[in-house]
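For the sequence shown, our numbering begins at 10 and goes up steadily by one. Glycine included, each C-beta is placed from N, C-alpha and C at the ideal position. Take a look at the structure below.
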Amino acid sequence: DLSLNNVTDSEAFPGLIRQTHRKIRAASADGAYDTRLCHDELRRKKISALIPPRKGAGYWPGEYADRNRAVANQRLTGS
């Protein structure tokens with residue numbers, strides 16, 4: 010899909026995921042996709058998110074346990 014110049018890749022990502030009709034088990038992306046919008050759409054479709062937290066990322070409340078574990082690991086390892 011093509012997007013407008015004023016739409017970021019992470020904003021377009023949920024729409025692309027919604028268009029899929031095949032079962033996707035996991036999706037990997039870089040830290041630019043570490044947004045609630047992307048994580049929410051992946052969770053809605055029951056897709057495991059393999060997205061590293063952005064540098065200096067904070068914990069998110071609610072249904073983001075996997076991401077919060079990644080943030081904790083990032084803080085422990087310093088990477």
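DSSP places A74 inside the alpha helix (DSSP H), whose first and last residues are 74–86. In the three-state reduction of the DSSP assignment, A66 falls in the coil class. For A35, the uninterrupted beta strand (DSSP E) run begins and ends at 35–37, by DSSP. Here V80 is buried: its Cβ has 16 or more other Cβ atoms, across all protein chains shown, within 10 Å. In this structure, the CA atom of A35 is about 16 angstroms from the CA atom of Y73. Distance from the CA of S57 to the CA of L85, rounded to the nearest whole angstrom, comes to 22 angstroms.
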